[in-house]
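*Asks:*
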Amino acid sequence: MQALHRAGLQNTIALVGFDDIPMVDLITPGLTAIIQDVAGLGKTAAEILFNRIDGEQLDTQHRVLDVELVVRGSGEIQGPIRRTQSK
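For the sequence shown, position 24 matches number 32 in our numbering, and the numbering has no gaps at all.
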(Lines of atoms letter the chains of each structure in order from A and count residues from 1; the text may use other names and numbers.)
(Lines give C-alpha, C1' and ligand atoms only; values in the text may rest on other atoms or scores of the structure.)
Protein backbone atom coordinates (compact mmCIF):
# COMPACT_ATOMS: atom_id res chain seq x y z
CA MET A 1 0.00 0.00 0.00
CA GLN A 2 2.82 2.37 0.76
CA ALA A 3 4.39 1.68 -2.65
CA LEU A 4 1.09 2.52 -4.36
CA HIS A 5 0.90 5.69 -2.31
CA ARG A 6 4.48 6.70 -3.14
CA ALA A 7 3.83 6.08 -6.85
CA GLY A 8 0.68 8.21 -6.72
CA LEU A 9 -1.51 5.22 -7.65
CA GLN A 10 -3.51 5.04 -4.42
CA ASN A 11 -6.62 6.34 -6.19
CA THR A 12 -6.32 4.10 -9.25
CA ILE A 13 -6.03 0.70 -7.56
CA ALA A 14 -8.39 -0.48 -4.82
CA LEU A 15 -6.99 -2.79 -2.17
CA VAL A 16 -9.47 -4.55 0.12
CA GLY A 17 -8.47 -7.17 2.65
CA PHE A 18 -10.62 -10.08 3.76
CA ASP A 19 -10.84 -10.88 7.46
CA ASP A 20 -9.38 -8.11 9.52
CA ILE A 21 -5.84 -8.56 10.77
CA PRO A 22 -4.52 -7.55 14.19
CA MET A 23 -3.06 -4.06 14.41
CA VAL A 24 -4.55 -3.05 11.04
CA ASP A 25 -5.19 0.39 12.46
CA LEU A 26 -1.42 0.94 12.61
CA ILE A 27 -1.02 0.61 8.82
CA THR A 28 -0.83 3.86 6.86
CA PRO A 29 -2.76 4.32 4.67
CA GLY A 30 -5.49 2.28 6.37
CA LEU A 31 -6.53 -1.06 4.86
CA THR A 32 -10.20 -1.33 3.92
CA ALA A 33 -11.44 -4.81 4.87
CA ILE A 34 -14.40 -7.14 4.57
CA ILE A 35 -15.02 -8.79 7.92
CA GLN A 36 -17.05 -11.97 8.13
CA ASP A 37 -18.99 -13.22 11.15
CA VAL A 38 -16.67 -16.02 12.24
CA ALA A 39 -18.95 -17.09 15.10
CA GLY A 40 -21.95 -17.23 12.76
CA LEU A 41 -19.94 -19.20 10.21
CA GLY A 42 -18.89 -21.71 12.89
CA LYS A 43 -22.45 -22.02 14.21
CA THR A 44 -23.85 -22.64 10.73
CA ALA A 45 -21.17 -25.24 9.95
CA ALA A 46 -21.82 -27.02 13.27
CA GLU A 47 -25.59 -27.10 12.65
CA ILE A 48 -25.06 -28.68 9.23
CA LEU A 49 -22.55 -31.18 10.66
CA PHE A 50 -24.81 -32.22 13.54
CA ASN A 51 -27.76 -32.63 11.18
CA ARG A 52 -25.64 -34.92 9.01
CA ILE A 53 -24.51 -36.92 12.06
CA ASP A 54 -28.18 -37.34 13.02
CA GLY A 55 -28.75 -38.94 9.62
CA GLU A 56 -30.45 -36.04 7.90
CA GLN A 57 -29.88 -36.21 4.15
CA LEU A 58 -29.30 -32.69 2.95
CA ASP A 59 -29.29 -31.45 -0.58
CA THR A 60 -26.74 -28.86 -1.51
CA GLN A 61 -27.46 -25.81 0.57
CA HIS A 62 -26.79 -22.18 -0.08
CA ARG A 63 -26.34 -20.04 3.01
CA VAL A 64 -25.57 -16.34 3.04
CA LEU A 65 -23.99 -14.82 6.12
CA ASP A 66 -23.64 -11.14 6.85
CA VAL A 67 -20.32 -9.40 6.35
CA GLU A 68 -19.18 -5.92 7.29
CA LEU A 69 -17.21 -3.53 5.12
CA VAL A 70 -14.82 -1.42 7.18
CA VAL A 71 -13.68 1.52 5.06
CA ARG A 72 -10.23 2.79 5.96
CA GLY A 73 -9.12 4.42 2.72
CA SER A 74 -7.45 1.74 0.58
CA GLY A 75 -10.52 0.52 -1.32
CA GLU A 76 -11.85 3.71 -2.79
CA ILE A 77 -11.20 4.67 -6.39
CA GLN A 78 -12.09 8.08 -7.68
CA GLY A 79 -14.45 7.99 -10.62
CA PRO A 80 -13.42 9.36 -14.00
CA ILE A 81 -13.35 13.11 -14.27
CA ARG A 82 -16.03 14.31 -16.65
CA ARG A 83 -15.03 17.23 -18.73
CA THR A 84 -17.60 19.49 -20.24
CA GLN A 85 -16.97 21.34 -23.44
CA SER A 86 -17.06 25.07 -23.09
CA LYS A 87 -18.97 26.99 -25.72
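Glycine included, C-beta positions come from ideal geometry on N, C-alpha and C. Being a predicted model, the structure only gives us computed values, none of them experimental.
Indicate whether glycine 38 and arginine 80 have their beta-carbon atoms separated by less than 8 Å.
*Replies:* yes
*Asks:* With a threshold of 16 other CB atoms inside 10 Å of the CB of alanine 41, please say whether the residue is buried or exposed.
*Replies:* buried
*Asks:* I need the DSSP call for threonine 40, collapsed to helix, strand or coil.
*Replies:* strand
*Asks:* Smallest Cα separation from phenylalanine 7: which of Val46, Thr20, Arg14, Leu12?
*Replies:* This structure cannot speak to residue 7, because the chain is shown only from 9 to 95.
*Asks:* Scan the segment 13 to 68 and note each continuous beta strand (DSSP E) run of 3 residues or more that stays entirely inside, going in chain order.
*Replies:* 24 to 26, 40 to 44
*Asks:* Straight-line CA distance for methionine 31 to methionine 9?
*Replies:* Rounded to the nearest angstrom, the gap between the Cα atoms of methionine 31 and methionine 9 is 15 Å.
*Asks:* Can you have a look at glutamine 69 and say buried or exposed, based on whether 16 or more other CB atoms are within 10 angstroms of its CB?
*Replies:* If you draw a 10 Å sphere on the C-beta of glutamine 69, you find fewer than 16 other C-beta atoms in it, and that means exposed.
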